[in-house]
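Under our numbering, the sequence shown has 392 at position 44, and the numbering climbs by one with no breaks.
Ideal Cβ positions, reconstructed from N, Cα and C, are used throughout, including at glycine.
Bear in mind the structure is a predicted one, so any value in this text is a computation, not a measurement.
For reference, the structure discussed in these notes is given below.
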Amino acid sequence: MTATESPIFAWTAPLGLPDFARIDDADFAPAFEEAFSEHTREILTIADNDAEPTFANTLEALELAGDKLSRVSSLFWNRAGTDTNDVIQALERDIAPRMSRHYSTIAMNKALFDRIDSLYQKRTDLGLTAEQDRLLERVWKSFIKSGAGLDADGQKRFAEIGEILAGLGARFGQNVLADEKEWIMLLDDGADLEGLPEDLRAAMAAVAEDRGQPGKFAVTLSRSIIEPFLSSSARRDLRETAFKAWIARGAKGGATDNAALIAEIIDLRTEKARLLGYESYAAYKLDDTMAKTPEAVEALLGDVWARAVERAEAERADLAAVAAETGGNHDIAAWDWRYYAEKLKAKRFDFSEAELKPYLSLEKMIEACFDVAHRLFGITMTERPDIRGPHADARVFEVTGANGKQLATFIADYFARPSKRSGAWMSGMRSQHKLTMPDGTKGEIPIITNVMNFAKPAPGQAALLSLTDAQTLFHEFGHALHGMLSDVTYPSLSGTSVSRDFVELPSQLYEHWLTVPEILEKHARHYRTNEPIPRALLDKVLAARTFNAGFAAVEFTASALVDMAWHTGGEMGDPATFEAETLKKLGMPEAIVMRHASPHFLHVFSGEGYSAGYYSYMWSEVLDADAFAAFEEADGPFDPVIAEKLLTHIYSAGGSRDPAVLYQAFRGRMPDATAMLEKRGLAGPGNHRRHQFFAAGLTP
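In structure tokens:
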């Protein structure tokens, strides 16, 4: 088979998908070779064009270049993230730096940048649409931030740094996956399982069976196993063992230890930023965001941190009282917090997670996700079991609009497995756009994926979700909607192609509809009897939404503050010492750990996506809480007028305009942080005011 004939490029399956069954691991290397070569030829054709630069022959040509590279990349990174093996990991270590080198070469092509720069300098005279002007601005800035303005020596070093960082990021992620895959704690029936609910026991038994240990029960480091285990296991010794293994990922010494990688990554990022004239890597990353500066981020995080620590200390005292009541003669340790918090919640609100989970089956929560999307935006999701996805567990859905025409293709891969990296994410195998393709096709519809790591049940059993799991499902589907509902002309502005601290708005906003009473009343049904969730239980769930808010805010905000400290602190010494000293200065409560300790902080160190950007979840939370308040102030959670504005200015607009402009077009003003503080249960007397970060104008 030649590379040209590869199923990686010929997407001939129904709904415009590739024929996943025909794609072999060995197909990727030759496909990358062909894709790199073709993209290079396309770029040189644009750069060496003798005609005067125009928007069409330069910007639009750039938008259409690299189709083959986009195809092979989307398929490869999906496989690397969801079903990796030794062959894929070896290629990943090779491809990651090559990709960086390839794009650095493009960014530093002087003839190409000269064409873009000439258009940028006279952009006000070109008669561009608002979207075209936005595209030109973003492309020009991306070239500048990729080293186009450096001298030859600077460009060479900048490219070297990017290539090295890409390789280090790949190794970092592979090390974490190796630690997660390797560790397992096998338990026997009886005392080992004391306190564990039936569904968790079933999930642990299924994992043990898959690992060749029938009759045993396996605790793994998948969040869908480890967190409910820590919340319910009555065996403090087992909780401690599991917790210490969980937080030690990437920090166990030996070949998979990430300490040296972190130090090198931070030093190289600092050098990269200073080559471009930025004081710190954080200043470099934040330059084109809503936040703009590290100081603005630290001000928001610092405000929340002070409230969170005060609340968490009060929560710890309450947990200690519960422990004492049940004979626990010990201080609250990090492996105790979830266990006693679950007991306190049961006592205070008269319900437990185990009582709620039977009403939150995966299938019913998927229905709820789709129902909300239909009621808000008129779309219909139809599963296509006849179409093969990228993995046997992956499910394919046809997405149609209110007019009945296909709008997108959606692929969902819900269950954890040893070959899949942890966490949950959305990605696009193909972006929406309206440009005419070289073959005459007018535009393309998006192909969007959601990946999760829920515990896979035994055959014939239902997958039951915690409330947090259900929120994750809604969150990632909110991202998916951002990609599927996109309605822009240019692929570089499509869907989630927005600033990092705006991209979480559609996802976090969508979470709000999970706890809308009419949605839970309709879809939260017992997985065995199909009886709706009792109103009394629903009321308790809603009343408990801000329970343990201090703990949740501390573990998140600590991670965000340490991320900023890494990227504003300059050259790095010992990473473990730096993290410990930073947390000590912050006054980190002893009984809580960072949600993502640095050695397994994939958001920050496995790539540059969320580096100096983990704060964006909270920044976007200010936006999402304020945005949902627009529905509460109108005619309820499905108000058609507000929903139409939401679709027009947020979900379908992509990066076609500045995010602050888009938000103001939706809301009529910049956001108020009061709604976020109230949502988190951190608002107190005197907090009902416009937040200082957003009160002054379009940017914080």
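Just how far apart, CA to CA, sit residue i and residue j?
{"i": "P947", "j": "I610", "result": "7 Å"}
{"i": "F461", "j": "K489", "result": "11 Å"}
{"i": "I714", "j": "D922", "result": "45 Å"}
{"i": "R686", "j": "Y468", "result": "54 Å"}
{"i": "A603", "j": "N523", "result": "8 Å"}
{"i": "R1038", "j": "F850", "result": "Here R1038 scores only 34 on pLDDT, less than 50, and its place in the model is too uncertain to base an answer on."}
{"i": "F403", "j": "M912", "result": "38 Å"}
{"i": "A358", "j": "P366", "result": "7 Å"}
{"i": "M785", "j": "I394", "result": "16 Å"}
{"i": "D499", "j": "D635", "result": "22 Å"}
{"i": "S968", "j": "F949", "result": "20 Å"}
{"i": "A566", "j": "T430", "result": "21 Å"}
{"i": "D585", "j": "A553", "result": "20 Å"}
{"i": "F822", "j": "K458", "result": "45 Å"}
{"i": "F986", "j": "M729", "result": "18 Å"}
{"i": "G364", "j": "Q780", "result": "13 Å"}
{"i": "T894", "j": "H722", "result": "28 Å"}
{"i": "H827", "j": "Q819", "result": "13 Å"}
{"i": "I556", "j": "D741", "result": "The amino acid occupying residue 556 in the given sequence is Ala; Ile does not appear at that position. Going from the Cα of A556 to the Cα of D741 covers about 19 Å."}
{"i": "R549", "j": "A590", "result": "16 Å"}
What does a CB cutoff of less than 7 Å around residue i pick up in its chain, not counting 5 residues either side in sequence?
{"i": "G517", "result": "A444, F953, S954 and G955"}
{"i": "S572", "result": "A764, N801, F802, A803 and D817"}
{"i": "R1005", "result": "A478 and R482"}
Please work out which residues of its chain come closer than 8 Å, Cβ to Cβ, to residue i, disregarding the five sequence neighbours upstream and downstream, and give them in chain order.
{"i": "Y965", "result": "E852, Q856, F904 and A908"}
{"i": "I356", "result": "P366, I371, D375, F376, A379, R419, V420 and L423"}
Apart from the five residues just before and just after residue i, which ones in its own chain have a Cβ nearer than 6 Å to its Cβ?
{"i": "W914", "result": "I614"}
{"i": "A810", "result": "S709 and Y875"}
{"i": "A383", "result": "K416, L417 and V420"}
{"i": "W531", "result": "L569 and A593"}
{"i": "L623", "result": "G502 and F506"}
{"i": "E353", "result": "none"}
{"i": "A945", "result": "I595"}
Which class does residue i belong to by DSSP, given the choice of helix, strand or coil?
{"i": "G791", "result": "strand"}
{"i": "G1034", "result": "With a pLDDT of 37 at G1034, under the threshold of 50, the predicted position of this residue should be treated as unreliable, and no value is reported."}
{"i": "D499", "result": "coil"}
{"i": "A960", "result": "coil"}
{"i": "M552", "result": "helix"}
{"i": "A383", "result": "helix"}
{"i": "F697", "result": "helix"}
{"i": "Y762", "result": "strand"}
{"i": "S1000", "result": "coil"}
{"i": "E938", "result": "coil"}
{"i": "N801", "result": "strand"}
{"i": "Q754", "result": "strand"}
{"i": "W359", "result": "coil"}
{"i": "K782", "result": "strand"}
{"i": "S490", "result": "helix"}
{"i": "A611", "result": "helix"}
{"i": "R736", "result": "coil"}
{"i": "A566", "result": "strand"}
{"i": "P880", "result": "strand"}
{"i": "V747", "result": "strand"}
{"i": "L853", "result": "helix"}
{"i": "E731", "result": "strand"}
My understanding is that residue i touches residue j, with C-beta atoms under 8 Å, so please give their C-beta distance in whole angstroms.
{"i": "S834", "j": "G1002", "result": "5 Å"}
{"i": "A377", "j": "L439", "result": "6 Å"}
{"i": "P706", "j": "Y875", "result": "6 Å"}
{"i": "E690", "j": "A772", "result": "Incorrect: roughly 22 Å between the Cβ atoms, too far for contact."}
{"i": "V910", "j": "L931", "result": "7 Å"}
{"i": "A906", "j": "R1028", "result": "Not really, about 15 Å apart at Cβ, beyond 8 Å."}
{"i": "E934", "j": "W653", "result": "The displayed chain sequence assigns Leu, not Glu, to residue 934. Sure, about 7 Å apart at Cβ, within 8 Å."}
{"i": "N426", "j": "T797", "result": "7 Å"}
{"i": "L407", "j": "L484", "result": "6 Å"}
{"i": "S464", "j": "D373", "result": "At residue 464 the sequence reads Ile, which differs from the Ser that was named. In fact, because the Cβ distance is near 37 Å, the residues do not count as touching under 8 Å."}
{"i": "G737", "j": "F368", "result": "6 Å"}
{"i": "L724", "j": "A991", "result": "5 Å"}
Quick one: is residue i near chain D, going by C-beta distance under 9 Å?
{"i": "D835", "result": "Here chain D cannot be found, since the structure has a single protein chain."}
Are three or more beta carbon pairs between the segment 775-788 and the segment 838-845 nearer than 8 Å?
Result yes; three or more Cβ-Cβ pairs closer than 8 Å.
Could you tell me whether the segment 402-418 touches the segment 377-391, using the rule of 3 or more Cβ pairs below 8 Å?
Cβ pair count under 8 Å is three or more, so yes.
Would you be able to state if there are at least three C-beta pairs under 8 Å between the segment 1002-1016 and the segment 870-884?
As far as the Cβ criterion goes, the segment 870-884 does not touch the segment 1002-1016, which means the pair count is below three.
So, do the segment 579-595 and the segment 543-551 have three or more beta carbon pairs nearer to each other than 8 Å?
Here the segment 579-595 lies against the segment 543-551, with 3 or more beta-carbon pairs under 8 Å apart.
The segment 739-757 / the segment 857-872 touching (three or more Cβ pairs under 8 Å):
Flag = no, the segment 739-757 and the segment 857-872 do not touch.
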